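Residue numbers (the numbering used here): 5 to 410.
Built from N, CA and C at the ideal position, the CB exists for glycine as well.
All figures in this text were calculated on a predicted structure; none of them were measured in a lab.
Some notes on the structure that comes next.
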Ligand SMILES: *Cc1c(COP(=O)(O)O)cnc(C)c1O
């Protein structure tokens, strides 16, 4: 039904079908250019980007500072492997340790790899087999991080998965405490379920997890691949909770689209020489890009902007939800916000309507539309996005009920 760039999209989709594994169910748009919070498709149509990839493009598309850092680094030195020292890598590690306030960093290329490193850190540090994770969580697509992922529908044909991953209901401190025992290497949790539908941990949950881990001698590991790097209004989403984890993982927002992930572990449990490695991890170009991301967040006051615009976004969405039978709840923190829809409306229907109207959104979980604009988003862009969402929600609801009647 969408009218987004039909001819070009159809051509590209046909080429993909005969050349690529069909792993992605894509929306009908081919983007060719971006600037700040704006995207343009192959037909020259402009979009307001409230997705930022999947909460990745933290400082906006083609930020001049990031473009300069990446191109200058590419022109100077692109790669030498981790057999040698490189300056951008250690500079980034120092910055990441600075924003966490503790730890030692291993640099990888993705969120799954950062989590994979975290799992190995915990195994090695404790010698124990078991990991406790949450139902509804998402930690990646490698075999171990898929086993950690608490969305069993994604396990599908990949069973048997690595054993010793136990899942408990998210947000229930008693269930968590009951699962953590003398065999537990670590508890791995997201401070807010991202892919699981933008579900924040209830107050006290992370502190309860810390307590359970301390009682059992297990590590507390927080997957901040989606919530970190300012996305929720602080450098790391757990920082307001007062809880100190043993391991934190980052990825999505760190490189503004360049492939980079980070596993930050307390110095006492960090890897020793030869125990872990990556050919590409922490390469000069992604590190130069990530340094620019951290500089821009700091210098442009984007943590404060994230909090302010996040509040404005949630206030606008709460009003829409109050006046609509199609949406039930607004959740989230900073600029990671979800609107849960009522039973008969799919998030895909709403996201497709929005795309047709020039607003890019994503789905999260089975029932939720996710808003994760770049942290540079302005108040008037928030208002415009809220307005477009309202129209899209209404149109999708009307179409769904038509479909139901017909
Ligand atoms: C996206 C995501 C991952 C996986 O990251 P990849 O870069 O796709 O491997 C892991 N954990 C969380 C919380 C995520 O949102």
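Looking from the CA of residue 89, the closest CA among 278, 266, 15 and 286 belongs to 286. Around the C-beta of residue 72, fewer than 16 other C-beta atoms lie within 10 Å, and the residue is accordingly described as exposed. Per DSSP, the unbroken alpha helix (DSSP H) holding residue 101 starts and ends at 91 to 104.
Residue 79 carries a helical assignment under DSSP once its states are collapsed to helix, strand and coil. Across the set 333, 309 and 330, the C-alpha of 309 shows the shortest separation from the C-alpha of residue 384. The straight-line gap separating the alpha-carbon atoms of residue 181 and residue 210 is approximately 11 angstroms. In this structure, residue 93 has its beta carbon at no less than 7 angstroms from each heavy atom of ligand 1.
Here residue 141 is buried. Its C-beta has 16 or more other C-beta atoms within 10 Å. Nearest to residue 199 by alpha-carbon distance, out of 40, 266 and 154, is 154. Pairwise C-beta distances place the segment 102 to 114 in contact with the segment 245 to 257, as three or more of them are shorter than 8 angstroms. Here DSSP, grouped into helix, strand and coil, assigns residue 123 to helix. Going by C-alpha positions, residue 121 is about 30 angstroms away from residue 76. Contact check between the segment 367 to 382 and the segment 334 to 353: three or more CB pairs, one atom from each, fall below 8 angstroms, which counts as touching. Remark: the C-beta of residue 229 is in contact range of ligand 1, defined as less than 7 angstroms to any heavy atom. Within the DSSP secondary-structure output, residue 342 pairs in a beta bridge with 335 and 374. With respect to residue 150, residue 165 sits close: the two C-beta atoms are nearer than 8 angstroms. For the options 405, 252 and 188, the alpha carbon positioned closest to that of residue 117 is the one of 252.
Counting C-beta atoms within 10 angstroms of its own C-beta, residue 28 has fewer than 16 neighbours from the protein chains shown and is therefore classed as exposed. Burial state of residue 162 is exposed, judged by a 10 Å Cβ sphere holding fewer than 16 other Cβ atoms.
Residue 217 and residue 97 have their C-alpha atoms spaced approximately 27 angstroms apart. Distances from the CB of residue 162 to the heavy atoms of ligand 1 are all 7 angstroms or more.
Look at residue 114: its beta carbon is less than 7 angstroms from one of the heavy atoms in ligand 1.
Less than 8 angstroms divides the Cβ of residue 143 from the Cβ of residue 192. When DSSP reads this structure, residue 24 sits in no beta bridge, so it has no partner. For residue 223, the enclosing beta strand (DSSP E) begins and ends at 223 to 227. Rounded to whole angstroms, residue 24 and residue 215 show a C-alpha spacing of 47 angstroms.
A Cβ-Cβ distance of about 26 angstroms is found for the pair residue 119 and residue 53, leaving them out of contact under the 8 angstroms criterion.
Per DSSP, reduced to three states, the secondary structure at residue 108 is strand. Using a Cβ distance threshold of 8 angstroms, residue 31 and residue 43 do not count as a contacting pair. In the displayed model, residue 12 falls within a helix according to three-state DSSP.
For residue 192, the uninterrupted beta strand (DSSP E) segment begins and ends at 188 to 193. Buried is the label assigned to residue 67, since at least 16 other Cβ atoms lie within 10 Å of its Cβ.
A distance criterion of 7 angstroms places the beta-carbon of residue 293 beyond contact range of ligand 1, judged by its closest non-hydrogen atom.
A straight line joining the alpha-carbon of residue 261 with that of residue 313 spans about 22 angstroms. Remark: fewer than three beta-carbon pairs, one from each stretch, lie closer than 8 angstroms, so the segment 359 to 368 and the segment 290 to 299 are not flagged as touching. A straight line joining the alpha-carbon of residue 298 with that of residue 243 spans about 17 angstroms.
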